[in-house]
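*Asks:*
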Amino acid sequence: MLEPMPPDNEVERQRDLDQLHILDTPADPQIDALLRIAQRLFGTRTVLVTLIDGERQWFKGRRGLSLSETPRRLSFCGHAIHHEAIMEVQDALQDPRFCDNPLVQGEPHIRFYAGIPLHGPAGHRIGTFCLIDGSPRQLSQDERQSMRDFARLVDGVFNALLLYRNLQRNLQGLQRELSDARRRALLDPLTQLWNREGLQQMLASYVRRAQREQLLVGFIYADMDHFKRINDELGHGVGDQVLVEAGQRLIAAVRPQDLAIRLGGEELGVLALVSNHDQLAVIAERIRNAIRADKVVVDGHRLDVTISLGTAVMRPDEVGQGVELIDVADQALYAAKQAGRDRVVRG
Numbered sequence: 019m020l021e022p023m024p025p026d027n028e029v030e031r032q033r034d035l036d037q038l039h040i041l042d043t044p045a046d047p048q049i050d051a052l053l054r055i056a057q058r059l060f061g062t063r064t065v066l067v068t069l070i071d072g073e074r075q076w077f078k079g080r081r082g083l084s085l086s087e088t089p090r091r092l093s094f095c096g097h098a099i100h101h102e103a104i105m106e107v108q109d110a111l112q113d114p115r116f117c118d119n120p121l122v123q124g125e126p127h128i129r130f131y132a133g134i135p136l137h138g139p140a141g142h143r144i145g146t147f148c149l150i151d152g153s154p155r156q157l158s159q160d161e162r163q164s165m166r167d168f169a170r171l172v173d174g175v176f177n178a179l180l181l182y183r184n185l186q187r188n189l190q191g192l193q194r195e196l197s198d199a200r201r202r203a204l205l206d207p208l209t210q211l212w213n214r215e216g217l218q219q220m221l222a223s224y225v226r227r228a229q230r231e232q233l234l235v236g237f238i239y240a241d242m243d244h245f246k247r248i249n250d251e252l253g254h255g256v257g258d259q260v261l262v263e264a265g266q267r268l269i270a271a272v273r274p275q276d277l278a279i280r281l282g283g284e285e286l287g288v289l290a291l292v293s294n295h296d297q298l299a300v301i302a303e304r305i306r307n308a309i310r311a312d313k314v315v316v317d318g319h320r321l322d323v324t325i326s327l328g329t330a331v332m333r334p335d336e337v338g339q340g341v342e343l344i345d346v347a348d349q350a351l352y353a354a355k356q357a358g359r360d361r362v363v364r365g
């Protein structure tokens, strides 16, 4: 038995095959339809679309054969991919290359074989469209032309599968980019806290959860004390760094399920679901203590920073667009400022 040798371009050929990403994939309905037509047209027992992969030949489509793959060293198709022309073996028992091949001497008892190469995206011969029968026969000229036509059709299916896969990958990439862009649009670029638009986008889901779990919707409205003085005396660059640090301390003080927000300027907020107003006040006190606990160090400046906070809670059916909830918390914040700052006031 003459075992097929790898072509001189085996590395490039295998790379071309791998680029299709179709090895060990489910049957393709277009290829199966072509094979049904081919089996009726040629009248052979078996019609295959084979792919020569490493040490095996794998069948992307098959009619009249139960095997899904065979060793490459036994394959007729491993010989057929060496040339563009149709390889025809009219009687394998009379052909010294194949007469003692186990696939000839045993199942599936190949006598007739005809195979024409199939091509990958880069044009390398990656497999074959082939016909197999248990009796000797010879192709007519019309059958040879039909084989070439079928091979072109299968090549077209391969190209379509690759195009579809690339389109899917590009679409997924665009969807990820769009998702990232949407999320960025909902985040404050300086602090990476949610912005007002993010608050509005997330409010409805918080309200729904509050309804399901019979919780109250709480809002904390906070404002950095004497922040204008920092900007005026030390510059907006220092002020920005103070805001970033304050945002990080706020995130560390709230629960993972709470929504931390920069409302604008030095105003921060938290959307939270709570069982009662006391629970929200505890969260607000944690924020206040986290902000004032340590000096904020920026460009050699060691700054004492404090924050004033107002809180409000409502039943989920009262929240609506959240305008009144935020307004009540804002009024409580104003009261905290009027009372001397660095404190929590309930609305």
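Everything in the sequence shown is counted per my numbering, starting at 19 for the first residue and increasing by one.
Ideal placement from N, C-alpha and C gives every residue a C-beta, glycine not left out.
With 16 other CB atoms within 10 Å as the buried threshold, where does proline 207 fall?
*Replies:* In the assembly as shown, proline 207 is an exposed residue. Its beta-carbon has fewer than 16 other beta-carbons within 10 Å.
*Asks:* I need the boundaries of the beta strand (DSSP E) containing alanine 56, first residue and last residue.
*Replies:* Counting along the chain, alanine 56 falls outside any beta strand (DSSP E), though it belongs to the alpha helix (DSSP H) covering 47 to 60.
*Asks:* So, helix, strand or coil for leucine 189, using DSSP?
*Replies:* helix
*Asks:* Between which residues of its own chain and aspartate 118 is the CB-CB distance below 8 Å, once the five residues before and five after are set aside?
*Replies:* Taken in chain order, the residues that qualify are Met19.
*Asks:* Note down the Cα distance separating proline 289 from leucine 204, rounded to an integer number of angstroms.
*Replies:* Reading off the sequence shown, one finds leucine at residue 289, where the question assumed proline. Leucine 289 and leucine 204: Cα-Cα distance of roughly 15 Å.
*Asks:* If distances are taken between C-alpha atoms only, which option among Asp250, Gly283 and Gln339 comes closest to valine 225?
*Replies:* Gln339
*Asks:* From alanine 110 to glutamate 102, what distance separates their C-alpha atoms?
*Replies:* 21 Å
*Asks:* Assess, as a yes-or-no matter, whether the segment 89 to 96 is touched by the segment 115 to 135 under the definition of 3 or more beta carbon pairs within less than 8 Å.
*Replies:* yes
*Asks:* Alpha carbon to alpha carbon, how far is glutamate 342 from glutamine 218?
*Replies:* Each residue's alpha carbon lies about 13 Å from the other.
*Asks:* Tell me, to the nearest whole angstrom, how far the beta carbon of methionine 165 is from that of alanine 132; I am working on the premise that it is less than 8 Å.
*Replies:* 7 Å
*Asks:* Over what stretch of residues does the alpha helix (DSSP H) that includes cysteine 117 continue unbroken?
*Replies:* Counting along the chain, cysteine 117 falls outside any alpha helix (DSSP H), and DSSP gives it neither H nor E.
*Asks:* Pairs of beta-carbons, one from the segment 231 to 238 and one from the segment 296 to 304, closer than 8 Å: are there three or more?
*Replies:* Using a Cβ-Cβ distance cut-off of 8 Å, the segment 231 to 238 and the segment 296 to 304 are in contact, since at least three pairs of beta carbons, one from each stretch, lie closer than that value.
*Asks:* Under 7 Å, do arginine 155 and phenylalanine 130 count as touching if we go by C-beta distance?
*Replies:* yes
*Asks:* By how many angstroms is the C-alpha of phenylalanine 176 removed from the C-alpha of glycine 138?
*Replies:* 7 Å
*Asks:* Would you list the one or two residues that DSSP bridges to phenylalanine 130?
*Replies:* Asp151
*Asks:* Based on the DSSP secondary-structure assignment, which residues constitute the bridge partners of leucine 208?
*Replies:* None, per the DSSP bridge assignment.
*Asks:* Along the alpha helix (DSSP H) that carries aspartate 34, what are the first and last residues, could you check?
*Replies:* 28 to 38
*Asks:* Helix, strand or coil: how does DSSP classify glutamate 251 here?
*Replies:* helix
*Asks:* Going by the beta-carbon positions, is the gap between arginine 162 and isoleucine 104 smaller than 7 Å?
*Replies:* yes
*Asks:* First and last residue of the beta strand (DSSP E) that includes alanine 330?
*Replies:* 325 to 332
*Asks:* Which residue from Gly72, Arg63, Ala264 and Leu179 puts its Cα closest to that of glutamine 81?
*Replies:* At residue 81 the sequence reads arginine, which differs from the glutamine that was named. Closest option to arginine 81, Cα to Cα, is Arg63.
*Asks:* Helix, strand or coil for methionine 105 per DSSP?
*Replies:* strand
*Asks:* Do you know whose CA, among Arg273, Ala278 and Ile55, lies nearest asparagine 213's CA?
*Replies:* Ala278
*Asks:* Where does glutamine 219 sit, in a helix, a strand or coil, going by DSSP?
*Replies:* helix
*Asks:* In this structure, does DSSP put phenylalanine 77 in helix, strand or coil?
*Replies:* Secondary structure of phenylalanine 77 (DSSP, three-state): strand.
*Asks:* Are phenylalanine 60 and leucine 149 touching if we call contact CB-CB under 7 Å?
*Replies:* Their beta carbons are under 7 Å apart, which means phenylalanine 60 touches leucine 149 by this criterion.
*Asks:* Are glycine 358 and tyrosine 239 touching if we call contact CB-CB under 7 Å?
*Replies:* Remark: C-beta atoms of glycine 358 and tyrosine 239 do not approach each other more closely than 7 Å.
*Asks:* Of all the options Val107, Glu125 and Gln266, which has the alpha carbon lying nearest to the alpha carbon of leucine 157?
*Replies:* Val107
*Asks:* CB-CB under 6 Å to alanine 367, same chain, minus the five flanking residues each way: which ones, in chain order?
*Replies:* Outside the shown range of the chain (19 to 365) lies residue 367, about which nothing can therefore be said.
*Asks:* By DSSP's criteria, glycine 145 is part of a beta bridge. Which residues make up the other side?
*Replies:* According to DSSP, which records beta bridges pairwise, glycine 145 is partnered with Leu69 and Leu136.
*Asks:* Determine the contact status of serine 326 and aspartate 258, defining contact as a CB-CB distance below 7 Å.
*Replies:* no
*Asks:* Give the range of the alpha helix (DSSP H) segment to which histidine 97 is assigned.
*Replies:* Where histidine 97 is concerned, the enclosing alpha helix (DSSP H) stretches over 95 to 98.
*Asks:* What did DSSP end up calling glutamate 161 once you bin it into helix, strand or coil?
*Replies:* helix
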